[in-house]
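Here's the structure, in structure tokens; my notes come after.
Protein chains: 2
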Amino acid sequence: MVEDVVRSFGFLTLGTRMKRVGEKLQADTQRIMDELGAPLQAGQYPFLAAIDRLGPLTVGELAEATGVTQPGATRTVALLVELGMLDTEQSADDQRRRIVSLSREGKRLVATAKRDVWPRIDAAVTDLCGDLDGPLLEQLAAIEDGLAAAPLNRRAAKVKS
Amino acid sequence: MVEDVVRSFGFLTLGTRMKRVGEKLQADTQRIMDELGAPLQAGQYPFLAAIDRLGPLTVGELAEATGVTQPGATRTVALLVELGMLDTEQSADDQRRRIVSLSREGKRLVATAKRDVWPRIDAAVTDLCGDLDGPLLEQLAAIEDGLAAAPLNRRAAKVKS
DNA sequence: TCCATTTATATTACATGTTATATAATTGTG
DNA sequence: CACAATTATATAACATGTAATATAAATGGA
Chain R
1 MVEDVVRSFG FLTLGTRMKR VGEKLQADTQ RIMDELGAPL QAGQYPFLAA
51 IDRLGPLTVG ELAEATGVTQ PGATRTVALL VELGMLDTEQ SADDQRRRIV
101 SLSREGKRLV ATAKRDVWPR IDAAVTDLCG DLDGPLLEQL AAIEDGLAAA
151 PLNRRAAKVK S
Chain G
162 MVEDVVRSFG FLTLGTRMKR VGEKLQADTQ RIMDELGAPL QAGQYPFLAA
212 IDRLGPLTVG ELAEATGVTQ PGATRTVALL VELGMLDTEQ SADDQRRRIV
262 SLSREGKRLV ATAKRDVWPR IDAAVTDLCG DLDGPLLEQL AAIEDGLAAA
312 PLNRRAAKVK S
């Protein structure tokens with residue numbers, strides 16, 4: 001077993017390390033969702049959740065709300081329209097804008113996710129991180145070790161009961 | 162200005178959020194390196210640093226040390242060989258293994274980076290995160306706000322004097 | 001010793017992020 | 001009120017991660 005240099009380098013490689021931990025969390029989250037039958041990718045839910053919370057939004061507003069660039073938002077919206085989860089209409093007063101809203105199916109999916117899926121994910125992540133405190137690098141190490149010891153989907157199953 | 166839903170959702174969207182913060186840190190780090198004339202991408206340095214620290218490694222060991230998958234390591238190694246920073250040789254006792262080492266130029270780059278670049282990056286990130294404490298979500302918020310207020314390259318310039 | 005299994009690396013296909021730029025609609029100003 | 005500048009979205013080109021699979025070498029047991 002070789003030393004994990006990204007972990008060893010401390011603040012110097014913090015960006016790489018946080019990105020890596022984030023990707024691992026997302027991958028584990030995806031597994032929970034797969035097990036529960038949720039039909040989308042983890043990274044797509046923020047788009048649905050943003051509209052659910054804020055009402056119909058333009059592409060640019062969705063980019064802001066989800067923290068991706070505008071081209072990223074354009075692409076994900078196109079995909080979710082393709083999948084039947086979102087509808088778009090041209091804005092009446094500004095023909096450049098596209099107003100994105102939840103389709104009937106999108107609304108159903110959000111309702112189900114809010115009830116059955118998101119609470120489990122939240123509980124699993126809380127199980128992993130909720131009690132953490134102290135310096136950032138120590139918390140990151142605890143998260144990495146915690147994920148290695150028991151991935152989120154195992155924690156979700158545990159918490160569920 | 163639209164609400165940042167990934168931030169609002171707390172633990173539920175922690176993976177997306179950490180990935181995003183990590184990407185932002187990396188992008189800022191890249192800008193420091195660009196300003197200092199470092200010729201590689203931020204994400205490529207862990208490969209050089211791993212070999213500098215641990216000596217020549219196989220592709221698989223590099224994957225472990227840098228925390229990427231083996232195909233990712235294969236590709237990055239190929240790129241860095243192309244750029245003249247790494248050399249590879251077939252292992253004598255196991256023809257499947259490729260031993261990856263720093264080229265003369267790679268060694269020179271690591272020496273320069275260790276002296277001139279990495280300390281600045283470390284100092285800038287420490288300026289941003291070094292004093293943080295408390296619950297994870299609060300620290301993440303502080304990092305996001307801190308980066309928005311003064312990106313890492315500004316902090317590097319400040320610390321440098 | 002032969003051959004099935006395992007292991008190390010490479011390849012393929014894809015997901016999802018970015019930046020730079022194109023296009024079309026709107027706005028503001030001389 | 002025409003036209004330059006701005007704004008919203010789309011597209012293109014690329015970077016970098018993954019999983020699944022192919023290929024070639026090493027290993028181990030009948």
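Line order of the protein sequences matches chains R and G. Under the working numbering, the first residue of the first sequence carries the number 1, and numbering increases by one thereafter. Under the working numbering, the first residue of the second sequence carries the number 162, and numbering increases by one thereafter. Glycine included, C-beta positions come from ideal geometry on N, C-alpha and C.
- Short Cβ contact (9 Å threshold) for R/Ala49 with R/Thr29: Residue numbering aside, residue 49 of chain R sits at position 49 when the first sequence is read from its first letter. Residue numbering aside, residue 29 of chain R sits at position 29 when the first sequence is read from its first letter. No. Outside cutoff.
- Task: Compute the distance between the beta-carbons of G/Leu186 and G/Phe208, then report whether it is under 9 Å.
- Result: Here residue 186 of chain G refers to the residue found at position 25 of the second sequence. Here residue 208 of chain G refers to the residue found at position 47 of the second sequence. Against a cut-off of 9 Å, the Cβ pair of G/Phe208 and G/Leu186 comes out as no contact.
- Query: Within 9 Å (strictly less), CB to CB, does R/Leu25 reach chain G?
  - Reply: Residue numbering aside, residue 25 of chain R sits at position 25 when the first sequence is read from its first letter. At least one chain G Cβ lies under 9 Å of R/Leu25.
- Would you check if there are 3 or more beta carbon pairs closer than 8 Å linking the region 257-264 of chain G to the region 209-223 of chain G? yes
- Query: Taking 9 Å as the CB-CB limit, is G/Gly291 close to chain R?
  - Reply: What you label residue 291 of chain G is simply residue 130 of the second sequence in a count that begins at 1. Output row for G/Gly291: interface = yes.
- Query: Residues in its own chain within less than 8 Å of R/Glu105 by CB, not counting five upstream and five downstream?
  - Reply: Within the first sequence, residue 105 of chain R is the residue found at index 105, counting from 1. Contacts found: Gly84 and Met85.
- Query: Alpha carbon to alpha carbon, how far is G/Arg168 from G/Val182?
  - Reply: Within the second sequence, the letter at position 7 stands for residue 168 of chain G. Within the second sequence, the letter at position 21 stands for residue 182 of chain G. Using only the alpha carbons, I get a separation of about 11 Å.
- Message: Under 8 Å, with one C-beta from each stretch per pair, do the region 222-242 of chain G and the region 32-40 of chain R reach the 3-pair mark?
- Response: no
- Task: Give the residues of chain R in contact with G/Ile260, contact being defined as C-beta atoms less than 9 Å apart.
- Result: Mapped onto the second sequence, residue 260 of chain G falls at position 99. Under the 9 Å cutoff, chain R gives no residues; its nearest Cβ is about 13 Å from G/Ile260.
- Task: Specify, as a first and last residue, the run of the alpha helix (DSSP H) that R/Thr74 falls within.
- Result: Residue 74 of chain R sits at position 74 when you count from the first residue of the first sequence. That run of the alpha helix (DSSP H) goes Gln70 to Glu82.
- Please classify R/Lys158: is it buried, with 16 or more other beta-carbons within 10 angstroms of its beta-carbon, or exposed? Working through the first sequence from its first residue, we reach residue 158 of chain R at position 158. When all chains shown are included, R/Lys158 counts as exposed.
- Query: What residues in the region 6-24 of chain R bring their beta carbon closer than 9 Å to a beta carbon of chain G?
  - Reply: Val6, Arg7, Ser8, Phe9, Gly10, Phe11, Leu12, Thr13, Leu14, Gly15, Thr16, Arg17, Met18, Lys19, Arg20, Val21, Gly22, Glu23 and Lys24
- Task: Using a Cβ cut-off of 9 Å, pull out every chain G residue sitting near R/Arg155, in sequence order please.
- Result: The residue labelled residue 155 of chain R in the question sits at position 155 within the first sequence. Under the 9 Å cutoff, chain G gives no residues; its nearest Cβ is about 12 Å from R/Arg155.
- Would you mind reading off the limits of the alpha helix (DSSP H) that contains R/Ser101? By 1-based counting over the first sequence, the position of residue 101 of chain R is 101. Note, R/Ser101: premise wrong, no alpha helix (DSSP H); beta strand (DSSP E) at Arg98 to Leu102.
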